[in-house]
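For what it's worth, my numbering labels the leading residue of the sequence shown as 38, then goes sequentially.
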Amino acid sequence: MAKITASVYTSHIPAVGVAWDLNKTAEPYWQPVFAGYEYSKQWQQDNQPDVVILVYNDHTNNFDFSLIPTFALGMNHEFQPSDEGWGPRPVPPVEGDQAFASHLAHSVIEQGFDLTLCYEMQVDHGLTVPMSLMFGKCDKWPVKVIPLHVNVVQYPVPSGQRCYDLGRAIKKAVESYDENLNVHIWGTGGMSHQLQGPRAGLINKEWDAQFLDELIADPKNLAIKPHIEYVREAGSEGIELVMWLVARAAMCEEGEVPEVKHRFYHVPASNTAVGHLILEAPKKP
Ligand code: DHB
Ligand code: FE
38 MAKITASVYT SHIPAVGVAW DLNKTAEPYW QPVFAGYEYS KQWQQDNQPD
88 VVILVYNDHT NNFDFSLIPT FALGMNHEFQ PSDEGWGPRP VPPVEGDQAF
138 ASHLAHSVIE QGFDLTLCYE MQVDHGLTVP MSLMFGKCDK WPVKVIPLHV
188 NVVQYPVPSG QRCYDLGRAI KKAVESYDEN LNVHIWGTGG MSHQLQGPRA
238 GLINKEWDAQ FLDELIADPK NLAIKPHIEY VREAGSEGIE LVMWLVARAA
288 MCEEGEVPEV KHRFYHVPAS NTAVGHLILE APKKP
């Protein structure tokens, strides 16, 4: 049986990808950001899964405002980094897992989530920046990845509750797969940030800290938080945080508290508060 053994959460700021690609990680502005991922890169090496289900949002780079699926699963064997305006990031293509993705699609759709299935898809900073932070520089990514896009860019976006319930369905889907796969699930985006309008640059450290506490200890309750609170308290792009609920709901039984392996928070990085967690599922005898 396949099993989700850990989950990872991280912001996905594009400027972090640029700093990484241009070797600026040791500069005084960026050093404290990348320092927060030193533990993570070692943990990742020591706990390499077979597959990562990577929950992220496309920022109208693969999709555009003419068509934005609410939930879209990457079914291909390969996903190229998208050109976000200054050429694709110099990172390897992402290798998919078509057999596992087909199983997930089948099971999750049977459980009532009408996923859009993408047989061709490019992946933007929402996916590739977290990969760089966790795996470092490599010629080939060490794991297979199944991208799961969530619409958080065009209203109406899915509720926290819907994201949480999708996570529950993904857990069931993973555990009904015959192969012995070690699976991690990542939630990306957030934390507080607003990129436009009079409140551009908004950061809410207290709200972010509370979100992290609740995500760890009581995600079921966190799931009922309405969109308006994310937007009011964490800024218009803070809504990306609903994606973290997919990963958290999928990683262990309801009521179980995962082990916190790493927690990191830093302001500023571009316009965003960087938040990062690594949670391991409770070990069963
Ligand atoms: C920034 C953050 C994001 O999540 C994003 O998608 C784009 C930009 C930023 O802080 O610059
Ligand atoms: Fe974003």
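The beta carbon of each residue, even a glycine, is placed where N, CA and C say it ideally should be.
- Every unbroken stretch of the alpha helix (DSSP H) spanning 4 or more residues and falling wholly within the region 71–95 is given here in chain order: 75–83.
- Of all alpha-carbon atoms in Asn94, Pro193, His114 and Pro179, the one lying nearest the alpha-carbon of Asp161 is that of Asn94.
- In this structure, Tyr76 and Trp281 do not form a Cβ contact; the two beta carbons are roughly 19 Å apart against a cut-off of 8 Å.
- Annotation: Val70 to Arg126 spans about 19 Å, alpha carbon to alpha carbon.
- Note that the region 210–221 touches the region 85–94; at least 3 beta-carbon pairs, one per stretch, sit closer than 8 Å.
- For Glu277, the number of other beta carbons within 10 angstroms of its own is at least 16, and it is reported as buried.
- The residues His230, Gln231 and Leu232, in chain order, have a CB closer than 7 Å to that of Glu274 in the same chain once the five nearest residues on each side in sequence are set aside.
- When DSSP states are grouped into helix, strand and coil, Phe301 belongs to the strand group.
- In this structure, ligand 1 has a non-hydrogen atom nearer than 7 Å to the beta-carbon of Gly226.
- Rounded to the nearest whole angstrom, the C-alpha separation of Ser144 and Glu212 is 10 Å.
- Our two residues, Glu243 and Thr62, have alpha carbons roughly 27 Å apart in a direct line.
- Sorting Lys209, Lys177 and Lys320 by C-alpha distance to the C-alpha of His140 places Lys209 at the top.
- Looking at the backbone, the Cα of Ala43 and that of Met171 are separated by about 13 Å.
- Non-local beta-carbon contacts of Asp176 in its own chain, meaning distances under 7 Å to residues more than five positions away in sequence, involve Pro129 in chain order.
- For Val187, no alpha helix (DSSP H) segment is defined; the enclosing uninterrupted segment is the beta strand (DSSP E) at Lys181 to Val187.
- Secondary-structure assignment with DSSP links Tyr46 through a beta bridge to Gly224 and Leu314.
- Restricting attention to Ile50, Ala39, Glu121 and Leu314, the CA atom closest to the CA of Pro305 is found in Ile50.
- DSSP, reduced to helix, strand and coil, places Leu110 within a strand of the structure shown.
- DSSP, read as helix, strand or coil, puts Asp120 in strand.
- Under DSSP, Cys289 takes part in no beta bridge, so it has no partner.
- A contact is defined here as three or more CB-CB pairs under 8 Å, and the region 263–271 fails this definition with respect to the region 280–298.
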